[in-house]
Amino acid sequence: MKSTIAALTILLTAITAAAQTAPPSNGERLMAHALESSGAWETLQYLTDDIGPRLSGSKGAALAVQWTTARFRSWGIAVRDEKVMVPHWVRGEERASLVSHNGQKIVLTALGGSVATPVRGITADVIEVSNFDELDRLGNKVRGKIVYYNNPMNMDLVRSGHSFEAYEEAVRYRGAGASRAAKYGAVASLIRSVASASLRDPHTGAMRYDPKLPKIPAAAMTIEDAMLVDRLIRKGERVRMHLVLTPKTLPDADSANVVAEIRGSERPDEIVLVGAHLDSWDLATGAIDDGSGVAMSMEVLRLIKDLGLHPRRTIRCVLFMNEENGLRGGRGYAAAHKDEIGRHAAAIETDAGAAAPTGFSTNVSGEALTSLESRVHPLLARVNAARFEQSSEAGADISPLTDAGVPSFGLISDPLHYFDYHHSPSDTLDKIDPKDFAADTAALAALTWEIADSTEPLRAK
Ligand SMILES: [Zn+2]
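Per the working numbering, numbering of the sequence shown is gapless, rising by one per residue and ending at 444.
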């Protein structure tokens, strides 16, 4: 009996020791390395502080392509630039004042793609509408006037974790407002910045013209200025504005997607894409949108290389150009790689900020998702990123792949404050907490690795 107990004790001790010394899995090693390394932060800092704003066609965008390409090369990772032509819109002077109210300054910014006002500007009455139905009811009454869409974000949605839904609703007036107003003879179109907070900073973003209608200038007022105009109009006062915008659209410019990869050891033809967009708006340095995504995606490859890991499938990092005002990079990638779209085992995009991670949006569902979750949950739970949300679109740049049935994922960060800074002069590095950012990077590295190194194929359904 004594000897049996002694033997059991020895066995138990041996098992415990084995459990304690069991080497960490590659996914665990990657996550640990991501959490302790400052590599991604250094990349993000250079991209934002040293290079700066990166609007398509700008010097900053060209430098970002050169620098990220050189970075991959310095890490010993194969990289190439894949040419895309991009729109080249340049912001000019932008100012407005209320001639009806002592020339008070109105702070605003042109929407991306807007045409200019005449050199001396436009002076016209402002007419406010809450939505397109109201505009249609007014019809020709807006002729000769500046149409102002009062389109606040639904803050109940924002506060309950649904910032992106609130954004989708409010942003319709940014995209289509100018042409809808031009149809009835308006001379300019204004929106309230699509933002969830403001310290009198205007938020820009892309707009598009209906080619069948006249092009009128379009701008976003700060929330504060938009509310001022709204208060005056509600009091029944006539509001007359002087508006000067001098942006230019130049011929399309040469640019590129940056494509880097670590070849798979067993299934090199199968690709797990991880990416983000390299361009940003011009008002700030695009730290949150999307310098953070770029730095995280690059870091995934650097960490794998640094640890000497060899994934079964090829891991390809794509830094897309021109997500903000044309999506030429996303469309260009899908066109250039159309013969291998079916060989993309997954596409993962990071373009939703750099606050603490919560999980991933995905088009993968049913048994495929259950099986994936059971494998990745233990890893992702370490950084509270284990929640998967169903979505038909995981990221704009990868949307052509998602539409073609490629299993797609988008990293989700806590969205509460995302639209406080989005597309505004305040999207700068200081808004990001390095700890949250490291957790995002660790979550992205873990999911990328687990899909790329899995022995099982992943299907969207
Ligand atoms: Zn973005």
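Just so it is clear, CB atoms sit at the ideal spot from N, CA and C, and this is done for glycine as well.
So Leu286 is in the alpha helix (DSSP H); what residue range does that whole segment cover?
275 to 289 is the extent of the alpha helix (DSSP H) around Leu286.
Between the C-alpha atoms of Arg314 and Pro383, what's the straight-line distance to the nearest angstrom?
If I take the Cα positions, the gap works out to 7 Å.
In chain order, each alpha helix (DSSP H) run of at least 4 residues that lies wholly inside the region 60 to 142:
With a minimum length of 4 residues, the continuous alpha helix (DSSP H) runs that stay inside the region 60 to 142 are 115 to 121, 138 to 142.
What number of angstroms, rounded off, separates the C-alpha of Trp448 from the C-alpha of Arg126?
As shown, the chain starts at -16 and ends at 444. That puts residue 448 outside it, with no answer to give.
Would the C-beta of Asp272 count as close to ligand 1, meaning under 6 Å from any of its heavy atoms?
Flag set: Cβ of Asp272 near ligand 1.
Can you tell me whether Ser357 is buried or exposed, with buried defined as 16 or more other CB within 10 angstroms of its CB?
Residue burial is scored here from C-beta neighbours: Ser357 has fewer than 16 other C-beta atoms within 10 angstroms and is therefore classed as exposed.
Completely contained beta strand (DSSP E) runs for the region 222 to 250, where each covers 3 or more residues
Counting only runs of 3 or more, we get 223 to 228, 231 to 245.
Where DSSP assigns a beta bridge to Ala203, which residues make up the other side?
According to DSSP, which records beta bridges pairwise, Ala203 is partnered with Thr92, Ile174.
Name the one or two DSSP bridge partners that Gln373 has.
Beta-bridge annotation (DSSP): Gln373 is paired with Thr345.
Tell me which residue opens and which closes the beta strand (DSSP E) that Leu302 is part of.
Note, Leu302: beta strand (DSSP E), 296 to 303.
Bridge partners - Ile395, DSSP secondary structure assignment:
DSSP lists Gly342 as partners of Ile395.
Extent of the continuous alpha helix (DSSP H) to which Ile434 belongs:
Here the alpha helix (DSSP H) through Ile434 covers 417 to 436.
Cβ separation of Ser263 and Gly274, assumed to be a contact under 8 Å, to the nearest whole Å
Contact flag correct, Cβ pair sits at about 7 Å.
Please classify Leu182: is it buried, with 16 or more other beta-carbons within 10 angstroms of its beta-carbon, or exposed?
With fewer than 16 Cβ atoms within 10 Å of its Cβ, Leu182 is classed as exposed.
Residue nearest to Arg365 in terms of C-alpha spacing, selected from Thr345, Glu332, Thr341, Pro101:
Of the candidates Thr345, Glu332, Thr341, Pro101, Thr341 places its Cα closest to the Cα of Arg365.
Give the straight-line distance between the Cα atoms of Ala318 and Thr431, rounded to the nearest whole angstrom.
Going by the C-alpha atoms only, they are around 23 Å apart.
For Arg311 and Asp235, the rounded distance between their alpha carbons
If you take the alpha carbons of Asp235 and Arg311, they lie about 11 Å apart.
If contacts are defined as beta-carbon pairs under 8 Å, then Gly464 and His225 qualify, I think. What distance do you get, rounded to the angstrom?
There is simply no residue 464 to check, as the chain begins at -16 and stops at 444 in what is shown.
Straight-line gap, Ala379 to His260 (C-alpha atoms, nearest Å):
C-alpha separation (whole angstroms): 9 Å.
Since Ala428 and Leu286 should fall inside the 8 Å C-beta cutoff, what is the C-beta to C-beta distance between them, to a whole number of angstroms?
At roughly 6 Å, the Cβ-Cβ gap stays under 8 Å, so Ala428 and Leu286 are in contact.
Among Pro361, Ala79, Thr385, Pro200, which one has its Cα closest to the Cα of Lys321?
Taking only the C-alpha atoms, the option nearest Lys321 is Thr385.
Counting Cβ pairs, one atom from each stretch, are 3 or more of them under 8 Å apart for the region 130 to 147 and the region 164 to 174?
With the rule of 3 Cβ pairs closer than 8 Å, the region 130 to 147 counts as touching the region 164 to 174.
Check whether the region 240 to 258 and the region 202 to 221 touch, using three or more Cβ-Cβ pairs below 8 Å as the test.
Touching, no, given that fewer than three Cβ pairs across the two stretches are closer than 8 Å.
Selected residue, minimal CA-CA separation from Ala330, among Pro294, Glu282, Leu394, Arg142:
Looking at the Cα atoms, Leu394 is the closest of the given residues.
Could you check which residue in Thr268, Pro197, Asp184, Phe392 has the C-alpha nearest to that of Thr92?
Closest by C-alpha distance to Thr92, out of Thr268, Pro197, Asp184, Phe392, is Asp184.
Excluding sequence positions up to five away, which residues of its chain have a Cβ less than 6 Å from the Cβ of Ala267?
Excluding sequence neighbours, Ala267 sits near Pro408, Asp410, Thr411.
At a cut-off of 6 Å, would you count Asp265 as near ligand 1, judging by its Cβ distance to the nearest heavy atom?
No, since every heavy atom of ligand 1 falls outside the 6 Å radius drawn around the Cβ of Asp265.
Helix, strand or coil: how does DSSP classify Ala330 here?
In the structure shown, Ala330 sits in a strand (DSSP, three-state: E or B).
Residue nearest to Asn308 in terms of C-alpha spacing, selected from Gly158, Gln87, Arg442, Ile216
The candidate whose alpha carbon is nearest that of Asn308 is Gly158.
Mind checking which residues open and close the alpha helix (DSSP H) that includes Val48?
Going by DSSP, Val48 is part of the alpha helix (DSSP H) stretching over 42 to 57.
Specify the secondary structure class of Ile455 as computed by DSSP and reduced to three states.
A question about residue 455 goes unanswered here, because the residues of the chain that appear run from -16 up to 444.
May I ask you to report which of helix, strand or coil DSSP gives Gly258?
Of the three classes helix, strand and coil, the one that applies to Gly258 here is strand, per DSSP.
So for Glu306, helix, strand or coil by DSSP?
Note: Glu306 maps to coil in three-state DSSP.
Within the present structure, is the beta-carbon of Asp334 separated from the nearest heavy atom of ligand 1 by less than 6 Å?
In this structure, ligand 1 has a non-hydrogen atom nearer than 6 Å to the beta-carbon of Asp334.
Out of curiosity, what's the CA-to-CA distance linking Asp33 and Ser41?
When the Cα atoms are used, Asp33 and Ser41 turn out to be separated by approximately 15 Å.
Grouping DSSP H, G and I as helix and E and B as strand, with all else coil, what is Asp252?
The three-state secondary structure of Asp252, taken from DSSP, is strand.
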